[in-house]
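Before any comments, here is the structure.
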Amino acid sequence: MAHDSDTARPVRHGSRGRARRDEILSVALGVIAENGYRGLTLGEVAKRVGLSQQGVLHYFPSKEELLIGVLRQRDEWDVSAPFGGENAVEFTVGDLEMLVEVNAARPEIVRTFSALLGESITEEHPAGPYFKDRYDWVRDSIESTLRGEFGETMPSGITAAQGAIMLTALMDGLQYQWLHDPEKIDMPELFHGLTRLVTGRES
C-alpha cells in the first residue's frame, strides 16, 4: 500500500506507477457502476485502493480527470479496437458483432459506460463533451466500414450514413435492455440479427 509520503514525489511512469494508476481506474469504474458519477467520491476510491485522498489526487488531479481516465480506459478495453481515434484500425461489421460478444462478458464495464452515458445528457456534465466527440468518431468509423463493405447504399436500401447511426443506436440501446434483463436479452445474437436487417446481408 502507498503512504501519504508517496504523494510528495512527482508521478513516475514506471511499471509501479502505471499499476497503481490502473488500479485506481478499475476501482473508480466499480464505484461508478454502483453509484453513478454523482456517487463517485475520491474518498471512496481512496479507501478501496488503500490510499489517502491526496494519494489519489497524485495520479488524477480532479474528480473530472478521473472520470475521463475511466472512459478512456474503457475504450482501450474494447479488444477489437475499431474505435481508437488516432489508433483506429480497419474493421468489419463482423468485428462490431465480436465487440458486442466481448461486452456481454464484462457487465461491470458496460454498466459503468451506460450509467455515464445516461448522466452525460444533463447540463454541464463533465462527460458530455467526451460522449459527443465519441459519437462523432464512432459514427464516422462505422459509416466508413459500411461504405467499404457495401458501397454508398447497402442491399437493404439504407445508406452507409444512415446505417452508422442505426448500428450505433442499436449497440447502446441493446446494452440498456440487457443490463436490466440479461437472462431474457441475448445481446450478441440480437445484434447479429439487427446488423443483417440494417445491411441487408444474408448472413
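Numbering (UniProt numbering) for the sequence shown: 1 to 203.
Ideal Cβ positions, reconstructed from N, Cα and C, are used throughout, including at glycine.
For Asp6, which residues of its own chain have a beta-carbon under 8 Å away from its beta-carbon, when the five flanking residues on both sides are left out?
With a pLDDT of 37 at Asp6, under the threshold of 50, the modelled position of that residue is not reliable, and the figure given next carries that caveat. The answer, listed in chain order, is Gly55 and His58.
Hey, would you say Ile32 sits closer than 8 Å to Tyr130, going by beta carbons?
With respect to Tyr130, Ile32 sits apart: the two C-beta atoms are not nearer than 8 Å.
From the DSSP output, which residues share a beta bridge with Thr153?
Paired residues: Thr159.
Excluding sequence positions up to five away, which residues of its chain have a Cβ less than 7 Å from the Cβ of Gln177?
Contacts found: Ile185.
Could you check how far apart the C-beta atoms of Thr199 and Val93 are, in whole angstroms? I think they sit under 8 Å.
About 7 Å; that satisfies the 8 Å criterion.
May I ask which residues mark the beginning and end of the alpha helix (DSSP H) holding Lys47?
Where Lys47 is concerned, the enclosing alpha helix (DSSP H) stretches over Leu42 to Val49.
Got a sec? Which residues, its chain only, sit under 8 Å from Ser114 by beta carbon, not counting five neighbours each side?
Excluding five sequence positions before and after Ser114, the CB atoms of its chain that fall closer than 8 Å to its own CB belong to Asp172, Gln175, Tyr176 and Leu179, given in chain order.
According to DSSP, is Asp186 part of a helix, a strand, or is it coil?
Looking at Asp186 - three-state DSSP - the assignment turns out to be coil, as it is neither helix nor strand.
Give the straight-line distance between the Cα atoms of Asp181 and Glu189, rounded to the nearest whole angstrom.
Taking the straight line joining both Cα atoms gives about 15 Å.
At least 3 beta-carbon pairs within less than 8 Å: the stretch 135 to 147 vs the stretch 157 to 165:
Remark: three or more beta-carbon pairs, one from each stretch, lie closer than 8 Å, so the stretch 135 to 147 and the stretch 157 to 165 are flagged as touching.
His125 (DSSP reduced to helix, strand or coil):
Residue state for His125 is assigned as coil, using DSSP reduced to three classes.
Let's test the definition: count the other Cβ atoms within 10 Å of the Cβ of Thr112 and tell me whether it reaches 16, buried, or not, exposed.
Thr112 comes out buried.
So Leu29 packs on Glu108, CB below 8 Å; how close in whole Å?
Yes, they are in contact, since the Cβ atoms of Leu29 and Glu108 sit about 7 Å apart, within 8 Å.
Nearest-angstrom beta carbon gap, Tyr37 and Leu117 [assumed within contact, 8 Å]:
Not confirmed; about 11 Å, so no contact.
Reference Pro61, options His125, Arg48, Ile24 and Asp136, closest by Cα:
Of His125, Arg48, Ile24 and Asp136, the residue nearest in Cα terms is Ile24.
What is the residue span of the alpha helix (DSSP H) that Pro107 lies within?
It spans Pro107 to Glu119 - the alpha helix (DSSP H) in which Pro107 sits, taken as one unbroken run.
What do you get for Leu197, buried or exposed, if any count of 16 or more other CB atoms within 10 angstroms of its CB means buried?
Label assigned to Leu197: exposed.
Three-state secondary structure (DSSP) of Arg20
Three-state DSSP puts Arg20 in a helix.
By Cβ distance below 6 Å, which residues in the same chain neighbour Asn87 in space, the five residues on each side in sequence not counted?
Low confidence applies to Asn87: its pLDDT is 49, below 50, so where it sits in the model is not reliable, and the reading given next is rough at best. Excluding the 5 residues flanking it on each side, Asn87 has no same chain C-beta neighbour closer than 6 Å.
DSSP-derived helix/strand/coil call for Glu65
Note: Glu65 maps to helix in three-state DSSP.
Looking at the structure shown, is Asp95 part of a helix, part of a strand, or coil, going by DSSP?
In this structure, Asp95 counts as helix in the three-state DSSP scheme.
Please list the terminal residues of the continuous alpha helix (DSSP H) segment that includes Gly36.
Looking at the DSSP string, Gly36 is not in any alpha helix (DSSP H), and its letter there is neither H nor E.
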